[in-house]
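Numbering (our numbering), first residue to last: 703 to 843.
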């Protein structure tokens, strides 16, 4: 499973606490994150995370590129709904491409917990089929 973590500034503590609580669920996964969020998670846990740039500097778009290629299975994106974000168009684009590709996204801890418990039960087996039957890139040349 390939999982990405993103958290707005006022949600970073909540993300660290969440990932720490469910650390064992993520041990065998390939993990990705935006810059500071990933650093904070790695400092609090034994998890290894591939870190992209900070969200406002393009990290959301880098994760979105993985989604566009159907290379992520789950995103936990703890958003701060009470704070305007200067990179809101990037956030909207990321959520849109997740909808296009059918990638589950949790935007709050309640939903994240449901998805992680599903992951722990093995309910994400359908993503293995997506990867197995992923079509190659077709060229019109």
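The C-beta atom is built at its ideal place from N, Cα and C for all residues, glycine as well.
In the three-state DSSP reduction, residue 787 falls in the coil class, being neither helix nor strand.
Within a 10 Å sphere around the beta-carbon of residue 717 sit 16 or more other beta-carbons, which makes this residue buried. Counted as a single uninterrupted DSSP element, the stretch harbouring residue 817 is not any beta strand (DSSP E) but the alpha helix (DSSP H) occupying residues 811-823. Using a Cβ distance threshold of 8 Å, residue 809 and residue 829 do not count as a contacting pair. DSSP places residue 807 within a strand segment (E or B) once states are collapsed to three. Here residue 823 is exposed. Its C-beta has fewer than 16 other C-beta atoms within 10 Å. Per DSSP, the unbroken beta strand (DSSP E) holding residue 776 starts and ends at 776-780. Put simply, of 786, 726, 745, 799 the residue whose alpha carbon is nearest the alpha carbon of residue 715 is 745. When 729, 811, 776, 758 are compared, the shortest CA-CA separation from residue 786 is found for 758.
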